[in-house]
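J.:
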Amino acid sequence: MHSPGSAAHGEGKMPPYTSYHAQRTYPMPDEPFCTELNAEQRALKEKEKGSWTQLSHAEKVALYRLQFHETFAEMNRRSNEWKTVMGCVFFFFGLTALLIWWQRVYVFPEKPITLTDEWKAQQLQRVLDMKGNPVQGLASRWDYEKKEWKK
Numbered sequence: 001m002h003s004p005g006s007a008a009h010g011e012g013k014m015p016p017y018t019s020y021h022a023q024r025t026y027p028m029p030d031e032p033f034c035t036e037l038n039a040e041q042r043a044l045k046e047k048e049k050g051s052w053t054q055l056s057h058a059e060k061v062a063l064y065r066l067q068f069h070e071t072f073a074e075m076n077r078r079s080n081e082w083k084t085v086m087g088c089v090f091f092f093f094g095l096t097a098l099l100i101w102w103q104r105v106y107v108f109p110e111k112p113i114t115l116t117d118e119w120k121a122q123q124l125q126r127v128l129d130m131k132g133n134p135v136q137g138l139a140s141r142w143d144y145e146k147k148e149w150k151k
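Each residue of the sequence shown is one higher than the one before, counting from 1 in UniProt numbering.
(1) Could you give the DSSP three-state label for aspartate 143: helix, strand or coil?
(2) Within its chain, find whatever has a CB closer than 6 Å to the CB of glycine 137; leave out the 5 residues flanking it on each side and keep chain order.
(3) Would you say methionine 75 and arginine 24 are within 7 Å of each other, going by their C-beta atoms?
(4) For phenylalanine 33 and histidine 57, which I take to be in contact (beta-carbon distance under 8 Å), what is that distance rounded to the nearest angstrom?
(5) Can you tell me whether glutamate 36 is helix, strand or coil according to DSSP?
(6) What are the partner residues of tryptophan 149, as DSSP defines its beta bridges?
(7) When the distance is taken between beta carbons, is leucine 63 closer than 7 Å to glutamate 48?
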């Protein structure tokens, strides 16, 4: 067993993109961002060994980019990932609402007649006419002479 950063017997070195690791809490990575340099970058690295006053701003930025992937400002920049997440959330809310509507229209049966307002009113009138539970129930709160609820 070997760690991901170490090379086992007979294996080559890990690819450079796997060992570069920079965070706000660990700003100085163990290896530079670019390990394989082209001719222009090698010439810039040689120029770096001299006086930095002779380097232009663009060359200093290029040297920084050879060493680091991002600046602190870029590391601290807010991500726009929340837009994708919220888009997915609203998409699935819409899909769920569409599925519920489809089920109500095509899958579920019609409401039974006992759930209609007319049926409920007739059922209440039937209970009042039978004077059911006149001590503490519905009949105790109904005024039979005035035909209205007691106040």
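Even glycine gets a Cβ: it sits at the ideal position worked out from N, Cα and C.
None of these values were measured; they are calculated from a predicted model.
T.: Quick answer:
(1) strand
(2) Cβ within range, chain order: n/a, list empty.
(3) For the pair methionine 75 and arginine 24, the CB atoms are nearer than the 7 Å cut-off.
(4) For phenylalanine 33 against histidine 57, the beta-carbon gap comes to about 19 Å, at or over 8 Å, which does not count as contact.
(5) coil
(6) Tryptophan 149 pairs with Trp142.
(7) yes
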